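Its first residue numbered 5, the sequence shown is counted upward by one per residue in our numbering.
Glycine is no exception: its CB is placed at the ideal position from the N, C-alpha and C atoms.
Only a predicted model underlies this, so the values are computations on that prediction, with no experimental measurement involved.
Down below is the structure, laid out as structure tokens.
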Amino acid sequence: MFHLPALSGSVLVLLGAICWSLNSPLVKYLPLDPFLIAGLRSVIAGVVLLPFLRPGKIHWNGWLVAYCGSYCAVCLSVIVALSLTSPAIAIGMQYTATVWLFLLLWYQTGYFNRKAFLPVLVIMVGVVCFMLSGGSGDSNSLGNAIALTEGFFFAAMSLTSKKATQENVLGLTALGNLFTGALVFGLFPSARQALPAMTGQEWILMGILGVVQVAAGYALFFLGVQKIPARKASVLALWEMILGPLWVALFLHQYPNAMVLTGFAIILVGMVLDAKMG
Numbered sequence: 005m006f007h008l009p010a011l012s013g014s015v016l017v018l019l020g021a022i023c024w025s026l027n028s029p030l031v032k033y034l035p036l037d038p039f040l041i042a043g044l045r046s047v048i049a050g051v052v053l054l055p056f057l058r059p060g061k062i063h064w065n066g067w068l069v070a071y072c073g074s075y076c077a078v079c080l081s082v083i084v085a086l087s088l089t090s091p092a093i094a095i096g097m098q099y100t101a102t103v104w105l106f107l108l109l110w111y112q113t114g115y116f117n118r119k120a121f122l123p124v125l126v127i128m129v130g131v132v133c134f135m136l137s138g139g140s141g142d143s144n145s146l147g148n149a150i151a152l153t154e155g156f157f158f159a160a161m162s163l164t165s166k167k168a169t170q171e172n173v174l175g176l177t178a179l180g181n182l183f184t185g186a187l188v189f190g191l192f193p194s195a196r197q198a199l200p201a202m203t204g205q206e207w208i209l210m211g212i213l214g215v216v217q218v219a220a221g222y223a224l225f226f227l228g229v230q231k232i233p234a235r236k237a238s239v240l241a242l243w244e245m246i247l248g249p250l251w252v253a254l255f256l257h258q259y260p261n262a263m264v265l266t267g268f269a270i271i272l273v274g275m276v277l278d279a280k281m282g
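If you want it as structure tokens, here you go:
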């Protein structure tokens, strides 16, 4: 880990996206309760990232509570959606946060930015394609509906994280994960009940999810963002959208239908447009 900062920012962000992309195949493969996966993954990641916590650089106020709540909602919605519907939909819907951020800015300022609306419109067309695919192939209507909430929660997480801290993002991620783990195991009995029955292989895979997919993924991404512009990082992060469904297709032989692929491609174009146009 001590040699990672010597790498270029682009390589670090790309490595982070590769780590994030492991979520799709592992969640699809693990025959575990989705709430158990969400809770245990978060506990492991929170413990791994806890040494990075700098309490003096965290704002202990309502924004921190809002961040932890929205982070928890993102984690839960992604894991549950992955267990029910196509990985392309479950991962791609996170990136519809652009739509919610645009609507919020429009509401706050009363100004409709036609240039900024173009990528939003493209993304919305992709979302429609996703929703029309419900009930066919690897997609599922309930899973699609749950995935639809991801963008809203992701946007809320992005906004509140800046209010909670701008100097200790890894420590903030540790708090978000520990909060998620505590809430999941506290509110969902199925997660607690399934824990003792886990096999050795399942513990190893959950360890990979917590240590590599979440903890290392965030660490690499944030190290990279310190070296390159945020817009460039956001484009490189889109490799998670591409690689996640690809791993599922290659190793689990689960393939999205034509409508899902169409929506996936359209959202990808919209996100690249948004990043390029700022």
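{"Query": "Leaving out five residues on either side along the sequence, give the residues of the same chain with a beta carbon under 6 Å from the beta carbon of HIS7.", "Result": "Because the pLDDT at HIS7 is just 48, under 50, the model does not fix this residue reliably, and the value given afterwards should be weighed accordingly. Excluding sequence neighbours, HIS7 sits near nothing in its chain."}
{"Query": "In the DSSP assignment, find the alpha helix (DSSP H) that holds SER87 and state where it starts and stops.", "Result": "66–88"}
{"Query": "If I'm right that SER137 touches GLY274 with Cβ under 8 Å, what's the distance once you round it to whole angstroms?", "Result": "At roughly 17 Å, the Cβ-Cβ gap does not stay under 8 Å, so SER137 and GLY274 are not in contact."}
{"Query": "On the CB-based measure, 16 or more other CB atoms within 10 Å of its CB, does TRP64 come out buried or exposed?", "Result": "exposed"}
{"Query": "Considering only residues of the segment 144–215, which uninterrupted alpha helix (DSSP H) runs meet the minimum length of 4 residues and lie entirely inside it, listed in chain order?", "Result": "145–152, 154–168, 173–191, 193–198 and 204–212"}
{"Query": "Leaving aside the five residues before and after LEU272 along the sequence, list all residues of the same chain whose C-beta is less than 7 Å from its C-beta, in chain order.", "Result": "LEU242 and MET245"}
{"Query": "Can you check which of these residues, THR203, PRO200 and TYR99, is closest to PHE157 by C-alpha distance?", "Result": "TYR99"}
{"Query": "Would you report the Cα separation of PRO260 and VAL132, rounded to the nearest angstrom?", "Result": "16 Å"}
{"Query": "Closest by CA to GLY175, which one among ALA42, TYR33, SER28 and ALA49?", "Result": "ALA49"}
{"Query": "Quick check: LEU40 and GLY228, are their CB atoms within less than 8 Å of each other?", "Result": "no"}
{"Query": "Give the DSSP-derived three-state secondary structure of MET5 in the structure shown.", "Result": "Below a pLDDT of 50, predicted positions are generally treated as unreliable, and MET5, at 43, falls in that range; no measurement from the model is reported."}
{"Query": "Among residues of its own chain, excluding the 5 on either side of LEU53, which ones have a beta-carbon nearer than 6 Å to its beta-carbon?", "Result": "LEU174, THR177, ALA178 and ALA219"}
{"Query": "So, do the segment 78–92 and the segment 142–154 have three or more beta carbon pairs nearer to each other than 8 Å?", "Result": "yes"}
{"Query": "Out of MET135, LEU109, VAL103 and PRO59, which has the shortest C-alpha to C-alpha gap to VAL126?", "Result": "VAL103"}
{"Query": "Are there 16 or more other CB atoms within 10 angstroms of the CB of ALA262, so buried, or fewer, so exposed?", "Result": "exposed"}
{"Query": "Below 8 Å on the Cβ atoms is my contact criterion, and I expect TRP67 with THR184 to pass it. Report the Cβ-Cβ distance as a whole number of Å.", "Result": "With a Cβ gap of about 17 Å, TRP67 and THR184 do not count as contacting."}
{"Query": "What separation, rounded to the nearest whole angstrom, lies between the Cα atoms of ALA160 and GLN258?", "Result": "31 Å"}
{"Query": "Counting only the same chain and skipping the five closest in sequence on each side, list residues whose C-beta sits under 7 Å from that of PRO9.", "Result": "Confidence in PRO9 is poor, its pLDDT being 46 and thus under 50, which makes the residue's placement too unreliable to answer from."}
{"Query": "Using a C-beta cutoff of 8 Å, does PRO55 count as contacting chain B?", "Result": "You won't find chain B in this structure, because it holds only one protein chain."}
{"Query": "Could you check the C-alpha separation between SER194 and PRO35 for me, to the nearest Å?", "Result": "13 Å"}
{"Query": "Grouping DSSP H, G and I as helix and E and B as strand, with all else coil, what is PRO35?", "Result": "coil"}
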